[in-house]
Amino acid sequence: MPAVTADRPKDFIRDIIDADLAAGRHQKVVTRFPPEPNGYLHIGHAKSICLNFGIARDYGGVCHLRFDDTNPTTENVEYADAIMGDVRWLGFDWGDKLFYASDYYERLFELAVELIEKGLAYVCDLNEEQISDYRGTVTEPGRPSPFRDRSVAENLDLFRRMRAGEFPDGSRVLRAKIDMASPNMKLRDPLLYRIKHAHHYRSGDRWCIYPLYDFAHPLSDALEGITHSICTLEFENNRDIYDWLVEHLTLPARPHQYEFARLNLTYTVMSKRKLLQLVEEKRVHGWDDPRMPTLAGLRRRGVTPEALRAFATRVGVAKNNSTVELALFEHTLREDLNERSPRVLCVLDPLEVVIENYPEGQTETLEASFWPHDVPKEGSRKLPFGRRVYIDRSDFSENPPKDFFRLAPGREVRLRHAYVIRCERVVKDAAGTVTQLVCSYDPATRGGDAGARKVKGTIHWVSAEHAVDVEVRLYDRLFQVEMPGAAGSDPLADLNPGSLVTRAGCKAEPSLGAAAAGDRFQFEREGFFFVDPVASRAGAPVFNRTVGLKDSWAKAVQKAEPKAEARPAKPATPGPARAREALSPEAQALADRHGLSPEDARVLSEPGPLRKLFEAALALHANARGLAAWVVNELPAEARAGNPLPFGAPELAELVALIDDGTLSGALGKKVLAEMLTSGGSPKAIAERQGLKQIADPAALGPVVEQILAKNPDTVARYRSGNKNVLGALTGMVLKETRGQANPKLVTQLLLDKLG
RNA sequence: UCCGGCGUCGUCUAAAGGCAGGACAAGGGACUUUGAAUCCCUGAAUCAUGGUUCGAAUCCAUGCGCCGGAACCA
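Structural data, given as structure tokens:
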């Protein structure tokens, strides 16, 4: 079994797989990633891809890439191609396991025929509106279609003629015959096939009937021998159809569906529909706009597949509806980019500085490392320095706030890799805007070495004479609120107007003139940048800001002048629980007659299997309270629903008797019960077979307690220093040591005695 | 309202009846030729109420809250 590491995560799906493998239900794991080629993949899909392909990798299995292309009117090759490119870019390989639902059309048709022949499907002539009407509502059952009882022969004939193109679109459908009154609306005779005289991007005009997802998906899984079909939570209700189909049809395999929570991110929308709308309404510049959460957009923004995979691992896999903070993604991104991005200097908002004591016409070259000391990489470049340089406008303040380390009149600052300079004068235009700073430099600080002097601030700069002009695109979150479209509003109303700021004429150090498409840099003190592969020209790179650096100064400034930003209110906290309802007369009678707790009496007063079991056992062993406690608290939920138990009242009575006479402790009783639940049998026999007998002799337990205490000095120390919770842990250890046979009360007492 | 799913620090996620842990975020500090990175520290949670148990986030009951479900979409 694979060890859990950062890259080998553990989650409830892997737990299921572990159990399936251990039980021998499968020898090999086969998963699948099933996109529909009707849009671009986004970061939410990345989570699913990492899960499915990751499981295949971890368990030595395979993951299929299967296009769920059952809707000819929305799908096309461009999308399919883009999806394949994206999956590959993310770092996954499906080998020769590339499949299309559209390749199964013939076999799916045959399976539909089998269903009809079994009397489990029928052709329905109701129109769309009628079907919806007949379906009922969530609270009212549906009504059977008038076509529900057509003969097999007629259904077969009609279905074949549907295929032959004899009927117009929408005139007929094939439906499964399941249950029009099912509380699960998905089971109210779901549609299997619809007529669509439409050209399909792969099957062309060969078909005019197309299967629906609920039919095509489980069957495709079965045909491919998928073992674990993993999808998102909104398909939970569809699982019943899934199971119904794979159980009623003749198929080579019996796959199972499991659902996990899809990824949501703050300041982002993830629905395909909304994303499509952003593109179609030109709110962004296409699917690969770097502000989009699509893989194409993220890639163009400069996000790496490694960062995406690490992120997928970090967010985990569970069934909670969850929204991950964008900050976690940004952190994961910076973590990855930090290691791979050479440091360079680029001034985004240039302000000219003239160094008045630096000789006119002189230029010198400084050596500057590409890497900070804590990134274990080598390499440097030459940085020209001259009398005129640019610094960033935000690195100067005429009236510096408290703790401002940068340049201000009369103050010193270090130019990264160069010299310490002092601001001597400020030059302004008629409007009062600062246009130039006149500074002096200290020749003794060459290379940035300030000697004994303490210079708190270091800023980036570029030689004016040597700077190359570049375009920089500063991307920010696409939406300005955490939950775009919350409370049913239009998310597009929450678009961040500042999500893209394009800055031409940024001053970059000369080495950047040669930057090639796809290169990554850190502009020191600014952020991580990526050379846009689309907009860049040879010698004229365009830099996309992938993500800014963390900026604790900006945070401090923001805190100083707090802006009210209302966080969306937490969902209402539950009010006080309602007062306990009075016991019903039957329950009260039961409680009085047997001395039961009100809680147990209430449960047992309900007529049902529990009640019967209790009464039958009571006739055999006269301990009502004990029996009630076991029946009410320890029997699984299925027993309540009336599923037959592998044992009956005599065994239950025997179990409680064993506990009452001290042969078994409660804990041992539970062990025995677990065995009874799986394979039935007499508790006495089970206890004997497993050699379970309560140990309640202090002389026998004393040494074990000593031993555990001696082996766990740390835990003992924690107990002595006040953590009384560890008493339970120690009790647990003693219990484990005795295979659960020690009497826990006695153990606790012994422990207490020894610990003082 | 019916069916299904889910409720653990602000967020995401662990803990298979036995020490409620980790990460991000937050706050503080050290270091610093990037107000970055790194390192250290702090605060911060089991939806509620009952029950079972030596011991409950975990089992049982009741309630509350949130999400999904009535496409010829997937």
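Heads up, my numbering is the position in the first sequence plus 1126, with the first residue counted as 1. Even glycine gets a Cβ: it sits at the ideal position worked out from N, Cα and C.
Inset, instruction - Could you check if residue 1865 is buried or exposed, using at least 16 other CB atoms within 10 Å of its CB as the buried criterion? - result: On the first sequence, position 739 is the one that residue 1865 refers to. Answer is exposed; the Cβ neighbour count stays below 16.
Legend entry - Residue range of the alpha helix (DSSP H) that includes residue 1510: Locating residue 1510 in the first sequence gives position 384, counting from the first residue. That residue, residue 1510, is in no alpha helix (DSSP H); its beta strand (DSSP E) goes 1506-1512.
Legend entry - For residue 1805, the three-state DSSP class (helix, strand or coil): Position 679 of the first sequence holds residue 1805. In the structure shown, residue 1805 sits in a helix (DSSP, three-state: H, G or I).
Inset, instruction - Pick out whichever of 1805, 1443, 1757 and 1801 has its Cα sitting closest to the Cα of residue 1137. - result: In the first sequence, the residue the question calls residue 1137 occupies position 11. Minimum Cα distance to residue 1137 is reached at 1443.
Inset, instruction - Using only alpha-carbon positions, find the residue among 1223, 1455, 1260 and 1664 that is nearest to residue 1351. - result: As a first step, residue 1351 must be located in the first sequence, where it is residue number 225. Considering only alpha carbons, the answer is 1223.
Inset, instruction - Within its chain, find whatever has a CB closer than 6 Å to the CB of residue 1252; leave out the 5 residues flanking it on each side and keep chain order. - result: Start at 1 with the first residue of the first sequence, and residue 1252 comes out as number 126. 1271.
Inset, instruction - Assign residue 1672 to one of three DSSP states: helix, strand, or coil. - result: For the purposes of this step, residue 1672 is identified with residue 546 of the first sequence, where counting begins at 1. Note: residue 1672 maps to strand in three-state DSSP.
Legend entry - Cβ distance (whole Å) where residue 1733 is taken to contact residue 1400 below 8 Å: The sequence position of residue 1733 within the first sequence is 607, counting from 1. The sequence position of residue 1400 within the first sequence is 274, counting from 1. Wrong, their Cβ atoms sit about 51 Å apart, outside the cutoff.
Legend entry - Own chain, CB closer than 8 Å to residue 1424, minus 5 neighbours either side, in chain order: As a position in the first sequence, residue 1424 is number 298, starting the count at 1. These residues qualify, in order along the chain: 1169, 1416, 1418 and 1434.
Legend entry - Minimum C-alpha distance to residue 1552 - residue among 1530, 1570, 1571 and 1525: Taking the first residue of the first sequence as 1, we reach residue 1552 at position 426. Considering only alpha carbons, the answer is 1525.
Inset, instruction - Look up residue 1826 in the DSSP assignment and say whether it is helix, strand or coil. - result: Numbered from its first residue, the first sequence carries residue 1826 at position 700. Three-state result, residue 1826: helix.
Legend entry - residue 1172 classed as buried or exposed, judged by whether at least 16 other C-beta atoms fall within 10 angstroms: Position 46 of the first sequence, counted from the start, is the residue given in the question as residue 1172. It is buried - the Cβ of residue 1172 has at least 16 other Cβ atoms within 10 Å.
Legend entry - Straight-line Cα distance separating residue 1593 from residue 1635: The count along the first sequence starts at 1 and reaches residue 1635 at position 509. The count along the first sequence starts at 1 and reaches residue 1593 at position 467. For residue 1635 and residue 1593, the distance between alpha carbons rounds to 5 Å.
Inset, instruction - Alpha carbon to alpha carbon, how far is residue 1663 from residue 1506? Give it in angstroms, no decimals. - result: For this step, residue 1506 is matched to residue 380 along the first sequence. For this step, residue 1663 is matched to residue 537 along the first sequence. So the two alpha carbons sit approximately 25 Å from each other.
Inset, instruction - Measure the alpha-carbon distance for residue 1299 versus residue 1335 and round it to whole angstroms. - result: For the purposes of this step, residue 1299 is taken as the residue at position 173 of the first sequence. For the purposes of this step, residue 1335 is taken as the residue at position 209 of the first sequence. C-alpha separation (whole angstroms): 9 Å.
Inset, instruction - List in chain order: all unbroken beta strand (DSSP E) runs of 3+ residues lying wholly within the stretch 1323-1411. - result: 1335-1337, 1354-1358 and 1382-1386
Legend entry - Candidates 1265, 1821 and 1459, of which the one nearest residue 1656 by Cα: As a working note, residue 1656 is residue 530 in the first sequence. Nearest option by C-alpha distance: 1459.
Inset, instruction - Closer than 8 Å by C-beta to residue 1704: which residues in its own chain qualify, once you throw out the five before and the five after it? Chain order, please. - result: Against the first sequence, residue 1704 aligns to sequence position 578. Reliability of the predicted coordinates at residue 1704 is poor, the pLDDT of 38 falling under 50, and the value obtained from them is presented with this limitation in mind. Cβ neighbours of residue 1704 beyond the five flanking positions: none.
Inset, instruction - Tell me whether residue 1706 is buried or exposed, calling it buried when 16 or more other Cβ atoms sit within 10 Å of its Cβ. - result: Taking the first sequence and counting its residues from 1, one reaches residue 1706 at position 580. Note that residue 1706 has pLDDT 48, beneath the 50 cutoff, so the model's placement of it is unreliable and no number is given.
Inset, instruction - Tell me, please, which residues DSSP counts as bridged to residue 1489. - result: Within the first sequence, numbered from 1, the residue matching residue 1489 stands at position 363. In the DSSP output, where bridge partners are listed per residue, residue 1489 has 1512.
Inset, instruction - Ignoring anything shorter than 4 residues or poking outside the stretch 1189-1271, list the alpha helix (DSSP H) runs there in chain order. - result: 1203-1216, 1231-1243 and 1254-1260
Inset, instruction - Flag this pair as touching only if the stretch 1566-1578 and the stretch 1587-1601 have three or more C-beta atom pairs under 8 Å; answer yes or no. - result: no
Legend entry - Beta carbon of residue 1816 nearer than 9 Å to that of residue 1789: Here residue 1816 is taken as the residue at index 690 of the first sequence, counted from 1. Here residue 1789 is taken as the residue at index 663 of the first sequence, counted from 1. In this structure, residue 1789 does not lie closer than 9 Å to residue 1816 by Cβ.
Legend entry - Residues that residue 1868 bridges to, as DSSP identifies them: By one-based count along the first sequence, residue 1868 stands at place 742. In the DSSP output, where bridge partners are listed per residue, residue 1868 has 1821.
Legend entry - Stretch-stretch touch, CB-based, cutoff 8 Å, three pairs: the stretch 1848-1859 with the stretch 1795-1810: no
Legend entry - Exposed unless 16 or more other CB atoms sit within 10 angstroms - verdict on residue 1431: Here residue 1431 refers to the residue found at position 305 of the first sequence. The residue in question, residue 1431, is buried, as its Cβ has 16 or more Cβ neighbours within 10 Å.
Inset, instruction - Look at the alpha carbon of residue 1700 and the alpha carbon of residue 1446, and state the distance between them as a whole number of angstroms. - result: Your numbering for residue 1700 matches position 574 in the first sequence. Your numbering for residue 1446 matches position 320 in the first sequence. Because the pLDDT of residue 1700 is 35, which lies under 50, any placement of that residue in the model is unreliable, and the number read from its coordinates should be weighed accordingly. Whole-angstrom Cα-Cα distance: 19 Å.
Inset, instruction - Return helix, strand or coil for residue 1476, following the three-state DSSP convention. - result: Residue numbering aside, residue 1476 sits at position 350 when the first sequence is read from its first letter. Three-state DSSP puts residue 1476 in a strand.
Legend entry - Straight-line Cα distance separating residue 1381 from residue 1145: As a first step, residue 1145 is located in the first sequence; it is residue number 19 there, counting from the start. As a first step, residue 1381 is located in the first sequence; it is residue number 255 there, counting from the start. One C-alpha to the other measures close to 15 Å.
Inset, instruction - Quick one: residues in its chain with C-beta nearer than 8 Å to the C-beta of residue 1358, no 5 flanking neighbours on either side, listed in chain order? - result: Here residue 1358 refers to the residue found at position 232 of the first sequence. Closer than 8 Å at Cβ, skipping near neighbours: 1174, 1385, 1386, 1387 and 1388.
Inset, instruction - Could you say if the stretch 1476-1494 and the stretch 1507-1519 meet the contact criterion of at least three C-beta pairs nearer than 8 Å? - result: yes
Legend entry - For residue 1304, three-class secondary structure by DSSP: Your numbering for residue 1304 matches position 178 in the first sequence. Reduced to three states, the DSSP call for residue 1304 is coil.
Legend entry - Under 9 Å between C-beta atoms of residue 1306 and residue 1368: Here the question's residue 1306 lines up with position 180 in the first sequence. Here the question's residue 1368 lines up with position 242 in the first sequence. No, Cβ-Cβ distance for residue 1306 and residue 1368 is not below 9 Å.
Legend entry - beta strand (DSSP E) segment containing residue 1890, residue limits: In the structure as shown, the chain begins at 1127 and stops at 1882. Residue 1890 is therefore absent and cannot be evaluated.
Inset, instruction - Could you check if residue 1268 is buried or exposed, using at least 16 other CB atoms within 10 Å of its CB as the buried criterion? - result: The count along the first sequence starts at 1 and reaches residue 1268 at position 142. Answer is buried; the Cβ neighbour count reaches 16.
Legend entry - residue 1292 in three-state terms, based on DSSP: Numbered from its first residue, the first sequence carries residue 1292 at position 166. Three-state DSSP puts residue 1292 in coil, outside helix and strand.
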